[in-house]
Amino acid sequence: MKLSKSFGKTVREAPADADMISHQLLIRANFIRSTGAGIYTFMPFGYRVIRKIWAIMSDEMDKINGQELWMPNLHPAPLWQATGRWDSVDVLFKLKTGSREYALSATHEEIVVDLALREISSYRDMPQMIYHISKKFRDERRARGGLIRLREFVMKDAYSLDVNEAALDEYYPEMVQAYFNIFERCGVTVTAVNADSGNMGGTASQEFVVIHEQGEDSFIACDNCDYAANVEAASFVREGEKPSQLNELVKVLTPNCKTIAQVAAFIGVETSQTNKAVFYWWTMPGKEENGRFVFGLTRGDLDINETKLRNALGGGELRAATEEEIIAISATPGYASPIGLNVAKDFEDDGVLVIADPSIEAGGNFVVGANDHEYHFTGANYPRDFAITTMADIAQAETGHHCPQCDGRITAHRAIEAGHCFKLGTRYSEAVEATFLDENGRPQPIFMGSYGIGLDRLLAIIVEEHHDKNGIIWPAEVAPYDIHLLHIGKDEEVLETAVSLYTDLQKAGFDVLYDDRNARPGFKFKDADLIGLPWRVTVGKRGLAEGNVEVKKRDADERQLIPVGQLIQFLIDNR
RNA sequence: CGGGGCAUGGCGCAGUUUGGCAGCGCGCUUCGCUGGGGGCGAAGAGGCCGUGGGUUCAAAUCCCGCUGCCCCGACCA
0 MKLSKSFGKT VREAPADADM ISHQLLIRAN FIRSTGAGIY TFMPFGYRVI
50 RKIWAIMSDE MDKINGQELW MPNLHPAPLW QATGRWDSVD VLFKLKTGSR
100 EYALSATHEE IVVDLALREI SSYRDMPQMI YHISKKFRDE RRARGGLIRL
150 REFVMKDAYS LDVNEAALDE YYPEMVQAYF NIFERCGVTV TAVNADSGNM
200 GGTASQEFVV IHEQGEDSFI ACDNCDYAAN VEAASFVREG EKPSQLNELV
250 KVLTPNCKTI AQVAAFIGVE TSQTNKAVFY WWTMPGKEEN GRFVFGLTRG
300 DLDINETKLR NALGGGELRA ATEEEIIAIS ATPGYASPIG LNVAKDFEDD
350 GVLVIADPSI EAGGNFVVGA NDHEYHFTGA NYPRDFAITT MADIAQAETG
400 HHCPQCDGRI TAHRAIEAGH CFKLGTRYSE AVEATFLDEN GRPQPIFMGS
450 YGIGLDRLLA IIVEEHHDKN GIIWPAEVAP YDIHLLHIGK DEEVLETAVS
500 LYTDLQKAGF DVLYDDRNAR PGFKFKDADL IGLPWRVTVG KRGLAEGNVE
550 VKKRDADERQ LIPVGQLIQF LIDNR
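Residues 0 to 574 (numbering that gives the first Met the number 0) are what the first sequence spells out, left to right.
Next comes the structure, spelled out in structure tokens:
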């Protein structure tokens, strides 16, 4: 490609509101252009990188017996209604035309399970793994970070179909390894962590995360062992002992102490010597009218993780309870505890659902609300002084907590989610009765797995990890071109040499970007650094007088003079 | 969806406080000089000041509504 003919051009300044480095550099270097919030055009350079990543993914998927196909992006509504996700997936783009309704492809489980229903009839038809690379559309409430969170994006999604859970369990690690291979070939350092499977449903999932302070995800990793998990799935040891002697329950006046920090300071104890109550209104999907009050209880120094709480409840939606709802269960906002409330004995019982974190037993003689305005109790102990409905791990893991696997401490990291693997099990196949006949002629549900990586996000992550103050530094396998060729000055011999190198390098199998513009050298060098191809070859009068051209790797400081005749062999040797 | 910010030529910005000719840098066109890290000079093109209403002799500037974009949070397959 001759730079003088390429579509679009590099710009000196990125839009001021581009916050992430990848966003700034990709715009400046003419890889992407914004078309709307969370909607981008891939310019020719950017699209070449997408195709390079695409090739890596196809290669790794094919190696584990994947078959690439191409599924549609317009999904008839009945397919999504059949799995129940037409109503439960709130980022789904829906279209209506006449009497027909469609969803834009937010993901492709519905299409796959529909295909499986038609194509898989016997255990002999499995195992299968199919995948494709195509557009996804999600009505994100807030697109952000350039290519990090988009409304329209490109995803590689793969789906495995197996006869039973054991077969899925056996295949799953191959996919995880393929994921590590993909990320490694793209030059990205990932950590695999156990994660919550969220709306996807299923039995297990792993997230591939890249540590990044501007990431929107966070995960927990042990400083000492290999324990790692998304905060929504991370556990930790509740440190603290029950006191040997239980104090008496005493009601004390605590004026203006509505927060844990205030009451702890007023009484003169650590926040870990208190209990924290958080109130939610919980609704199961499709049963909005049958909402229930949920009382979440943890030790005062810990926070409730809503996803963990939701999982403890078996799903559904949570929102903060209103003051009226709190008063309606006879609790006092700011001074609440389960003491004196009609606590449900179990989920069937009508009382108040109290979900408590085990941390309320790691300690004792707590300060808790007295359900009376401006009063707290001291010396509160479970189960002596109050009942709960159930105990569950609902507290958020934080930096400094004790690792659940070893003696180490855990640290919370901000991260970008680069990929996700789910063991879906029979969540989708049962919804549409996608079954097959086993060896005994009995119908069995298909066991599915689904595995996704966002290509645009991955491209952005590559830039986040591979750049310097001058521009992008593309890893060789994903670079849009191999060589940035440029000439300096107007000297006839220089021009002729550059033009013939342009042809010869391409004949030797290299992808070459030739800066043939009549521009000053500094200008060309700045552009070369910005675009960030692995090799820069400079033809100038000075070097050529000695029969040399200058070769520089983008990520190295030193330049080498190579005789023109040996350039191709040099580049092949150093590929 | 809650909070905050921004909207002036392709990009980056000034001008808005205190209403009175729409400006600067980069980029673009033409010409000349220059030629190893975004060079210099000269002459040009390009803007309904996001949008709808209002106040006023007069609105980029003041008032009200709307839209778009960015950031934080919530949510997230």
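We treat Cβ as the ideally placed atom computed from N, Cα and C, and that holds for glycine. Quick caveat, the model's predicted, so the values are computed rather than measured.
In chain order, what residues of the same chain lie with their CB nearer than 7 Å to the CB of residue i, ignoring the 5 residues before and after it?
{"i": "G145", "result": "A17, M19, S21, H22, L25, A459"}
{"i": "V268", "result": "V366"}
{"i": "S57", "result": "E67"}
{"i": "R47", "result": "P479"}
{"i": "K551", "result": "R535, R558"}
{"i": "F135", "result": "Residue identity check: residue 135 is Lys in the sequence provided, not Phe. So the qualifying residues of the chain are S104, A105, T106, F152, M154."}
{"i": "V90", "result": "A105, R137, D138, E139"}
{"i": "H74", "result": "Y101, A102, S104, E109, I110"}
{"i": "A386", "result": "P337, V342"}
{"i": "N29", "result": "G7, K8, T9, M42, F44"}
Look up residue i in the DSSP assignment and give the residues it is bridged to.
{"i": "R32", "result": "T40"}
{"i": "Y279", "result": "V293, A319"}
{"i": "P75", "result": "Y101"}
{"i": "H622", "result": "The structure shown does not extend to residue 622, since the chain is modelled only from 0 through 574, so no value can be given for it."}
{"i": "Y374", "result": "L252, D371"}
{"i": "N573", "result": "For N573, which the question treats as bridged, DSSP gives no partner whatsoever."}
{"i": "G448", "result": "S159, K422"}
{"i": "K525", "result": "Beta-bridge pairing links K525 to no other residue."}
{"i": "D216", "result": "A414"}
For a quick check, are the C-beta atoms of residue i and residue j less than 7 Å apart?
{"i": "N193", "j": "A228", "result": "yes"}
{"i": "I338", "j": "R298", "result": "no"}
{"i": "Q509", "j": "D481", "result": "It is worth fixing the name first, because residue 509 is Phe in this sequence and not Gln. Yes. Within cutoff."}
{"i": "M42", "j": "L512", "result": "no"}
{"i": "T253", "j": "H372", "result": "no"}
{"i": "T331", "j": "N370", "result": "yes"}
{"i": "R141", "j": "I38", "result": "no"}
{"i": "I393", "j": "L308", "result": "yes"}
{"i": "V236", "j": "P126", "result": "no"}
{"i": "T389", "j": "A343", "result": "no"}
{"i": "G65", "j": "Y130", "result": "yes"}
{"i": "D528", "j": "N573", "result": "no"}
{"i": "V112", "j": "S428", "result": "yes"}
{"i": "R519", "j": "S3", "result": "no"}
Within the same chain, show all residues whose beta-carbon is closer than 6 Å to that of residue i, passing over the 5 residues directly before and after it, in chain order.
{"i": "M283", "result": "G315"}
{"i": "E476", "result": "R184"}
{"i": "I63", "result": "E173, A177"}
{"i": "G539", "result": "I487"}
{"i": "R553", "result": "I472, G531, P533"}
{"i": "K241", "result": "G363"}
{"i": "F265", "result": "T253, C256"}
Can you tell me which of the three DSSP states residue i falls into?
{"i": "G350", "result": "coil"}
{"i": "G45", "result": "helix"}
{"i": "V367", "result": "strand"}
{"i": "K489", "result": "coil"}
{"i": "F6", "result": "coil"}
{"i": "S125", "result": "Correcting the residue identity first, residue 125 is Met in this sequence and not Ser. DSSP places M125 in coil when its eight states are reduced to three."}
{"i": "E118", "result": "helix"}
{"i": "D225", "result": "coil"}
{"i": "M56", "result": "helix"}
{"i": "H465", "result": "coil"}
{"i": "L245", "result": "coil"}
{"i": "M0", "result": "coil"}
{"i": "A507", "result": "coil"}
{"i": "Y170", "result": "helix"}
{"i": "E549", "result": "strand"}
{"i": "I454", "result": "It should be pointed out that residue 454 corresponds to Leu in this sequence rather than to Ile. Three-state result, L454: helix."}
With residue i and residue j assumed to form a contact (beta carbons below 8 Å), what rounded beta-carbon distance in angstroms separates them?
{"i": "P71", "j": "I110", "result": "7 Å"}
{"i": "H232", "j": "Y226", "result": "For the sequence presented, residue 232 should be read as Ala rather than His. About 11 Å separates the two Cβ atoms, so there is no contact after all."}
{"i": "V251", "j": "T82", "result": "Actually they do not touch by this definition, with Cβ atoms about 54 Å apart."}
{"i": "A396", "j": "I354", "result": "Not quite, the Cβ-Cβ distance comes to about 17 Å (not below 8 Å), so this is no contact."}
{"i": "I259", "j": "V277", "result": "That pair is no contact at about 11 Å."}
{"i": "D222", "j": "R408", "result": "5 Å"}
Could you check if residue i belongs to the surroundings of the ligand GTP, using beta carbon to heavy atom distance under 6 Å?
{"i": "I460", "result": "Although the ligand GTP was asked about, the structure shown includes no ligands whatsoever."}
By Cβ distance below 8 Å, which residues in the same chain neighbour residue i in space, the five residues on each side in sequence not counted?
{"i": "A417", "result": "F182, V187, V189, F207, V208, V209, I452, G453, R456, L457, I460"}
{"i": "A13", "result": "H22, Q23, L24, I26, R27"}
{"i": "S217", "result": "N229, V230, A411, H412, R413, A414"}
{"i": "T496", "result": "H486, V538, L543, V548, V563"}
{"i": "R32", "result": "G7, I26, Y39, T40, M42"}
{"i": "T321", "result": "W280"}
{"i": "A36", "result": "A142, R150"}
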